[in-house]
Amino acid sequence: MARILLADDEAGARDLVRRALELDKHTVTVVADGASALELIARSPDGFDLLVTDIDMPGMDGLALAKSAAKHAAGLPVLLISGHAGERDNLDTGPANIAGFLAKPFSLEEIRSAVTGAIA
């Protein structure tokens, strides 16, 4: 069981991912934006085993969040999700610890498998 921080501005996507991960008995903390996620990481750098974040969010996007998270929690793996599959090829991940990329839409099994791989 892992402690997972999920950042996504789409309520439906947040709920789907949360429910999928709770099936595997993970503890999931959910936020709607990058700034809120970074605040939680900064307050507790060892508080999470994985960050799952949408790339396209208003304000601080998921890639900026991943890079900033690396400054506070260098070993925190990040699973990026996006509705734009082509984004994967053009990402400048810099110091971020990117453990995987998953294109939306995805199935419950796909997100569960991606998370299992990211925390292995």
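Position one of the sequence shown corresponds to residue 72 (the working numbering), numbered consecutively onward.
Glycine included, each C-beta is placed from N, C-alpha and C at the ideal position.
To the nearest angstrom, report how far apart residue 177 and residue 117 are at their CA atoms. The sequence position of residue 177 within the sequence shown is 106, counting from 1. The sequence position of residue 117 within the sequence shown is 46, counting from 1. Residue 177 and residue 117: Cα-Cα distance of roughly 29 Å.
Mind checking residue 124: buried by the 16 CB within 10 Å criterion, or exposed? On the sequence shown, position 53 is the one that residue 124 refers to. That one is buried.
Ordered along the chain, which non-local residues of its own chain (more than five positions away) have a Cβ less than 7 Å from that of residue 89? Here residue 89 is taken as the residue at index 18 of the sequence shown, counted from 1. For residue 89, where only same-chain residues beyond five positions count, the Cβ hits under 7 Å are 77, 99, 101.
Closest to residue 73 by C-alpha separation, out of 79, 94, 133, would be which residue? Against the sequence shown, residue 73 aligns to sequence position 2. The residue with the shortest Cα to Cα distance from residue 73 is 94.
Could you tell me if residue 134 is buried or exposed, where buried requires 16 or more neighbouring beta carbons within 10 angstroms of its beta carbon? Counting from 1 along the sequence shown, the entry for residue 134 is found at position 63. Buried, by the Cβ-count rule.
By the 10 Å Cβ neighbour count, where 16 or more other Cβ atoms means buried, how is residue 105 classified, buried or exposed? On the sequence shown, position 34 is the one that residue 105 refers to. It counts as buried.
Within 8 Å of any Cβ in chain B, is that where the Cβ of residue 123 sits? In summary, chain B is missing from the structure at hand, where a single protein chain is found.
Count the other CB atoms within 10 Å of the CB of residue 86; is the residue buried (16 or more) or exposed (fewer)? Stepping through the sequence shown from its first residue, residue 86 is reached at position 15. With fewer than 16 other Cβ atoms within 10 Å, it is exposed.
So, for residue 136: in the same chain, excluding its five sequence neighbours on each side, which residues have a beta-carbon less than 7 Å away from its beta-carbon? Here residue 136 refers to the residue found at position 65 of the sequence shown. Result list for residue 136: 78, 105, 108, 109, 124, in chain order.
Please work out which residues of its chain come closer than 6 Å, Cβ to Cβ, to residue 103, disregarding the five sequence neighbours upstream and downstream, and give them in chain order. What you label residue 103 is simply residue 32 of the sequence shown in a count that begins at 1. Same-chain partners within the cutoff: 80.
Check residue 78 in the structure and name its three-state DSSP category. Here residue 78 is taken as the residue at index 7 of the sequence shown, counted from 1. Three-state DSSP puts residue 78 in a strand.
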